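Single-structure report; data block below.
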Amino acid sequence: RERIEKINETIGPRRERIEELTAISRLLKKREFLFQLPARLEHCLEMGALNQTVEYYTKTVGILKKYSHMSSFDSILKECQGIMDRVTEILKERVGNMNTSSSEATDAVKMLLKLKYPRATLWPLFLETRAGALEASLPKQIKEGGDEDEEEDVCAFIQELNPTFLGAYLEMASAFRVLFLTGDYGSEEIREAESAFEVRSKSLFTTFLNLIRSRISGAHDPEEVKQALIHLYRNMENVNAAFPKLGITEKSNSAIRNTIYDHLEKKFVILQQKAEGNMKEMNVALFDLWVDKGGETPFIGDPEPSSPRSPSSSSSSSSSPSSSSFESPLSGGINPASENLLYDIADAAFQPTINEIRKFVQNQAPFLTYDTGLQEEVFSRHKQSVSMKICLKVQQLFLCLNELALLTAQEAGSDPDMKKVRACYLLCLSQFCATFRTTGVRSVQRMLRELPTEADYVQLQTAALADRLRDCTVELLKQYVGAQARRLSRMIRKTIDTPDWMESKEPRGVRPVLDMIFDEFKTVDNEICRVFQDSHEDEKFEIVIHQEKKPNQKFGGKKLDLSVGVRMERKSLLTAITHRFLKSFLEAVRLKTFGRCGYNQMQVDLAFTAAILGSYIGPGKVRELTDEVLYSVSERCVNPEPFNHAVIESICKEKLGLASESRM
Numbered sequence: 001r002e003r004i005e006k007i008n009e010t011i012g013p014r015r016e017r018i019e020e021l022t023a024i025s026r027l028l029k030k031r032e033f034l035f036q037l038p039a040r041l042e043h044c045l046e047m048g049a050l051n052q053t054v055e056y057y058t059k060t061v062g063i064l065k066k067y068s069h070m071s072s073f074d075s076i077l078k079e080c081q082g083i084m085d086r087v088t089e090i091l092k093e094r095v096g097n098m099n100t101s102s103s104e105a106t107d108a109v110k111m112l113l114k115l116k117y118p119r120a121t122l123w124p125l126f127l128e129t130r131a132g133a134l135e136a137s138l139p140k141q142i143k144e145g146g147d148e149d150e151e152e153d154v155c156a157f158i159q160e161l162n163p164t165f166l167g168a169y170l171e172m173a174s175a176f177r178v179l180f181l182t183g184d185y186g187s188e189e190i191r192e193a194e195s196a197f198e199v200r201s202k203s204l205f206t207t208f209l210n211l212i213r214s215r216i217s218g219a220h221d222p223e224e225v226k227q228a229l230i231h232l233y234r235n236m237e238n239v240n241a242a243f244p245k246l247g248i249t250e251k252s253n254s255a256i257r258n259t260i261y262d263h264l265e266k267k268f269v270i271l272q273q274k275a276e277g278n279m280k281e282m283n284v285a286l287f288d289l290w291v292d293k294g295g296e297t298p299f300i301g302d303p304e305p306s307s308p309r310s311p312s313s314s315s316s317s318s319s320s321p322s323s324s325s326f327e328s329p330l331s332g333g334i335n336p337a338s339e340n341l342l343y344d345i346a347d348a349a350f351q352p353t354i355n356e357i358r359k360f361v362q363n364q365a366p367f368l369t370y371d372t373g374l375q376e377e378v379f380s381r382h383k384q385s386v387s388m389k390i391c392l393k394v395q396q397l398f399l400c401l402n403e404l405a406l407l408t409a410q411e412a413g414s415d416p417d418m419k420k421v422r423a424c425y426l427l428c429l430s431q432f433c434a435t436f437r438t439t440g441v442r443s444v445q446r447m448l449r450e451l452p453t454e455a456d457y458v459q460l461q462t463a464a465l466a467d468r469l470r471d472c473t474v475e476l477l478k479q480y481v482g483a484q485a486r487r488l489s490r491m492i493r494k495t496i497d498t499p500d501w502m503e504s505k506e507p508r509g510v511r512p513v514l515d516m517i518f519d520e521f522k523t524v525d526n527e528i529c530r531v532f533q534d535s536h537e538d539e540k541f542e543i544v545i546h547q548e549k550k551p552n553q554k555f556g557g558k559k560l561d562l563s564v565g566v567r568m569e570r571k572s573l574l575t576a577i578t579h580r581f582l583k584s585f586l587e588a589v590r591l592k593t594f595g596r597c598g599y600n601q602m603q604v605d606l607a608f609t610a611a612i613l614g615s616y617i618g619p620g621k622v623r624e625l626t627d628e629v630l631y632s633v634s635e636r637c638v639n640p641e642p643f644n645h646a647v648i649e650s651i652c653k654e655k656l657g658l659a660s661e662s663r664m
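Numbering (full-length UniProt numbering), first residue to last: 1 to 664.
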């Protein structure tokens, strides 16, 4: 021990000297490092080693500032600060560049914070740039997922978004929380940054969910939509667990509901297009048949009586083995020789339309049934609203059918080719709407009741819908009546306007032009019979010899009522056409002046007209109207001497005998 103490006493002064020299050496090395610092910083900057540059500077800046009163150190400090200003700009550019990766941007922020860059200026730049980069990547991700018109696995697409967008968001959000929402700096600044982060995040997820909603809702298979929404719900719950203040669960539930609505809406648009297509195909079928007949109306012959029809009867049931089958754009073949041709065409359009409605309703059923607890958690809260939405869409379709029927009827009237068969098309459209009123509404109501939901949510306003369809049917029939009445009216006006009634010869028979008019009337009747099959009894002609009226005597002093309602019956339509036809007859004779022979010719023509038209709708009303026409003729006759009644009766009987043979 004494020896050790002796050694220590001997080398003690040397140790102190060594320590003193070592300290001097270290100080010299530090001084050397300080003098070489600008060169080192410049070299690191050139090499891109910004992290090393920041480390060198932050370790030495304190000493340089402490001895900055010395000119040498002040010179070094200023040179280093100039270099670090360039470094700061580079780092700020990295943070503000959306092409910078999230990790690089985070490292740049950390280096700027080491350089005492103001947080209040840095966090808005970082937040907006990183959120903007995520937002800019969304359209690219959606586009790369495939075209909406192409078949794709939307479930796989949603699963890929977790490591891409959602993963990038969680990385950015975690970095923002660590960098700016923790620490001992001002609580007011933290609250401001946190509030801005929540607002920007909500905006970002709104954009994200809208794009995803657009992609998922475009899938054709509802089961795929359902599974994709489940994956989306899971992913969003992960975000909600990490950042509960954002209210992501509420946003995801809203997105799921709106996605189902969008899917339903897109299917509804397709349904509308198919319904409109079926309506237009009726017109195409009629036009093709018209062309097939060489431009002649296919309704010359009388239809054979058949049993009462129902919408469930197919068009092929009325075909015969010997008749050629006309292949229309509608489903199945249509027999052009069918006595129910127009009805068959309307039914051929009705059946695929009602099937499309059934497919539309069944397409939404997966969103109302749940196989697992997770499915129930995701979709049960939307069951009532989705059920009501389905019901509303079906009701909207019925309203659209009314509008589409009237619109397609108008379009057919503007097409020079389709206009040739527009009258028949109006009958087909009216039967189409009538079938929906009598059968379609109840059928769809049964479909809705089969959905796995409470019946109160899927109640159609059947009475209101039926009324709207009835009004549409009546409007189409009115258009049909108007079209046919105008055509017949033009013919009768021409037969009245052309002759010189003052120079007419004594009548020997009914004018031949009336044969053409009543042939057209017969064609109209045959058209109607191919849709409405009222009891069609054998025609019984009743010859009416019109009695003379005293001057100014107008049927008891009352104005003649020429208005008549339109119903879905053969006799109702013929009555309406007849009334308008005779009204035009009346208006035409009021513009002419008649001699005695002209007056006598009108007596013969009107007796024949009353017999023909009376055989269709009954003689009562026809006689009243033709009496009014003859009375107007007598008022405009210079010598209203009546023709011999026996001669009139003989002429009409002879003519009606020929007419009866032609109508057999």
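Backbone N, C-alpha and C define an ideal beta-carbon position, used for all residues, glycine too. On a predicted model such as this, the values are computed, not experimentally measured, just so you know.
Exposed unless 16 or more other CB atoms sit within 10 angstroms - verdict on residue i
i	result
Gly82	exposed
Phe157	buried
Glu224	buried
Ile7	exposed
Thr259	buried
Gly657	exposed
Asn644	exposed
Lys554	Because Lys554 sits at a pLDDT of 45, beneath the cut-off of 50, its placement in the model cannot be relied upon, and the following sentence gives the value as read from the coordinates. It is exposed - the Cβ of Lys554 has fewer than 16 other Cβ atoms within 10 Å.
Lys389	buried
Asp627	buried
Thr632	The amino acid at residue 632 is misidentified as Thr; the sequence shows Ser. Burial call: buried.
Phe35	exposed
Tyr56	buried
Val269	exposed
Nearest residue (CA-CA) to residue i, options the options
i	options	result
Glu265	Arg470, Asp519, Ala219	Ala219
Ala175	Ser214, Val87, Leu127	Leu127
Leu209	Leu606, Glu135, Tyr57	Glu135
Gln362	Leu115, Asn335, Thr473, Leu451	Leu451
Ser203	Lys251, Asn600, Lys114	Lys251
Ala485	Leu427, Leu397, Met70, His579	His579
Asn235	Gln396, Ala607, Ala168	Ala168
Leu448	Ile357, Ala463, Thr372	Ile357
Val524	Asn335, Ser572, Pro222, Val513	Ser572
Lys393	Tyr261, Tyr370, Glu503	Tyr261
Phe350	Arg437, Glu376, Asp371, Ser71	Arg437
Tyr370	Phe268, Lys226, Arg623	Lys226
Ala365	Val458, Leu397, Ser430, Leu170	Val458
Cys80	Ser137, Ala337, Val61	Val61
Opposing strand residues paired with residue i [DSSP bridges]
i	result
Cys637	Phe594
Cut-off 6 angstroms between Cβ atoms - residues of its own chain near residue i, not counting five sequence neighbours on either side
i	result
Thr353	Ala275, Asn278
Ala412	Asn283, Met418, Arg422, Tyr425
Cys44	Gln52, Thr53
Asn552	With a pLDDT of 40 at Asn552, under the threshold of 50, the modelled position of this residue cannot be trusted; read the value that follows with caution. Excluding residues within five positions, none has a Cβ falling inside 6 angstroms.
Cys472	Asn402, Ala405, Cys433
Ser634	Pro640
Glu9	none
Thr106	Ala175
Leu179	Val109
Nonlocal neighbours in the same chain, by C-beta distance under 8 angstroms from residue i, ignoring five residues either side
i	result
Ala173	Phe197, Ser201, Ala242, Phe243
Glu104	Arg94
Glu520	Arg487, Leu488, Met491
Cβ shell of residue i (< 7 angstroms), same chain only, five flanking positions each side left out
i	result
Val378	Leu229, Ile230, Tyr233, Ile256
Thr453	Leu368, Lys383, Ser387
Gln445	Leu460, Thr462
Leu399	Arg468
Val513	Thr495
Segments assigned beta strand (DSSP E), at least 3 residues, entirely inside the region 93-125: none
Contained alpha helix (DSSP H) runs [length at least 4] in the region 238-296, N- to C-terminal order: Fully enclosed alpha helix (DSSP H) runs of 4 or longer: 248-292.
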